[in-house]
Amino acid sequence: MIQERKRAGDLRSEFEQQIIFPAVRNPLVYRAFCNVDRALFTPADQINLAYTNEIIDIGEGSSISEPFLVAMMTDNLELTGEEKVLEVGTGSGYQAAILSHCSSEIHTIDINSRLAFEAYQRLSSLNYSNIHVHLGDGTLGIPNESPFDAIIVTAGAKKIPIALKEQLAVGGRIVVPTGNDLKQLNLIVGLKQTGGSIRTDVIALVRFHPLLSKHHGGWDPDVFEEARQKRIERRMELLTQLAAKLGTTLPELRSETARKFNIEPDNNWHNVDDFLVFNTINLILAFMEKGDVQNSQP
Numbered sequence: 001m002i003q004e005r006k007r008a009g010d011l012r013s014e015f016e017q018q019i020i021f022p023a024v025r026n027p028l029v030y031r032a033f034c035n036v037d038r039a040l041f042t043p044a045d046q047i048n049l050a051y052t053n054e055i056i057d058i059g060e061g062s063s064i065s066e067p068f069l070v071a072m073m074t075d076n077l078e079l080t081g082e083e084k085v086l087e088v089g090t091g092s093g094y095q096a097a098i099l100s101h102c103s104s105e106i107h108t109i110d111i112n113s114r115l116a117f118e119a120y121q122r123l124s125s126l127n128y129s130n131i132h133v134h135l136g137d138g139t140l141g142i143p144n145e146s147p148f149d150a151i152i153v154t155a156g157a158k159k160i161p162i163a164l165k166e167q168l169a170v171g172g173r174i175v176v177p178t179g180n181d182l183k184q185l186n187l188i189v190g191l192k193q194t195g196g197s198i199r200t201d202v203i204a205l206v207r208f209h210p211l212l213s214k215h216h217g218g219w220d221p222d223v224f225e226e227a228r229q230k231r232i233e234r235r236m237e238l239l240t241q242l243a244a245k246l247g248t249t250l251p252e253l254r255s256e257t258a259r260k261f262n263i264e265p266d267n268n269w270h271n272v273d274d275f276l277v278f279n280t281i282n283l284i285l286a287f288m289e290k291g292d293v294q295n296s297q298p
């Protein structure tokens, strides 16, 4: 037990020094990461990822972002410890916990009731008294708590939602990923000017889950789900074609790939995206989508 604790302590120390320290300039942010244990927000079956720079899936179309990215986004809010902050996309509550050590009052909102409730329970049990968890559409912000000195959005928006622009105080900063391609979003840092305009800079290209909303700036959930289903169906067609070209069947292809990568196959194979993380298959499918393999001889 003592050895396990020492090992965990060593991993956390390496995590802080090698991943977080290079990402931040603000000592408040660095100290926040030292004070917040990512393992407390990590699902038990992924605890080995707690002190890595890896995304952690928490279900419901949400995840805990890479710590380097969380640190960079928080750092660009330029917090002093006195601000009132809005976070859009509560998720596990990890980002809110980091913010709580860098500002005086945090309001975090999530559209998913399970995530919001579990984050509330987790943060309450850890005695984060300056964090207030709300259930609702994040693109609309929280009007009755505005203005906010800083706003951070932890899901991909199409544009900066109008409501968030309005609820940001003059001189306040907003950090938000925007764009029409969730695999390559512009990470925007905006500063609200006197008169209400937002001066923006792009600081990185990032990937995020979509900010689902029928309101300005969000991804319409119905349209997004329809497109997702069509993409899955198309990928399944391509996988079937790939199996045929290899002289096998789809179940056999799944089983053989699982054996080679030493993983447990999804018996129903509904989650095609999980299967496609294996780069070899994904690369082949990418060629097939372009017609390169489809038009070649087997």
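Residue numbers (the UniProt record's numbering): 1 to 298.
Just so you know, even glycine gets a beta-carbon here, dropped at the ideal spot from N, CA and C.
Rounded separation between residue i and residue j - CA only
i: E118; j: L69; result: 23 Å
i: S92; j: V202; result: 26 Å
i: K165; j: G179; result: 17 Å
i: I198; j: F15; result: 35 Å
i: N268; j: Q241; result: Any reading at N268 needs caution, since the residue's pLDDT is 43, under 50, leaving its predicted position unreliable; the model's value is listed next. For N268 and Q241, the distance between alpha carbons rounds to 18 Å.
i: Q121; j: C34; result: 22 Å
i: I19; j: I109; result: 27 Å
i: S129; j: L28; result: 18 Å
i: L79; j: S103; result: 6 Å
i: V189; j: E83; result: 17 Å
i: R12; j: Y51; result: 6 Å
i: M1; j: E237; result: Its pLDDT being 47, under 50, M1 is placed unreliably in this model, and the coordinates cannot settle the point.
i: N186; j: P161; result: 15 Å
Counted within 10 angstroms of its Cβ, other Cβ atoms place residue i as buried (16 or more) or exposed
i: R38; result: buried
i: G81; result: exposed
i: I47; result: exposed
i: residue 299; result: For the chain, the structure presents residues 1 to 298; residue 299 sits outside this window and is missing.
i: D181; result: exposed
i: T194; result: exposed
i: Q17; result: exposed
i: Q95; result: buried
i: S125; result: exposed
i: G196; result: exposed
Identified DSSP bridge partners for residue i
i: S63; result: D57
i: A227; result: Looking at the DSSP assignment, A227 forms no beta bridge with any residue, so it has no partner.
i: F148; result: L168
i: A157; result: T178
i: V133; result: T108
i: D201; result: V189
i: R173; result: A150 and L191
i: L212; result: W219
C-beta contact flag for residue i and residue j at 8 Å
i: I106; j: T74; result: no
i: L135; j: F148; result: no
i: A32; j: H101; result: yes
i: N53; j: P43; result: no
i: V85; j: A150; result: yes
i: L115; j: T154; result: no
i: H209; j: K159; result: no
**Uninterrupted beta strand (DSSP E) stretches inside the segment 57-113 (no shorter than 3 residues)** = Within the segment 57-113, the complete beta strand (DSSP E) runs of at least 3 residues are 62-64, 84-88 and 105-110.
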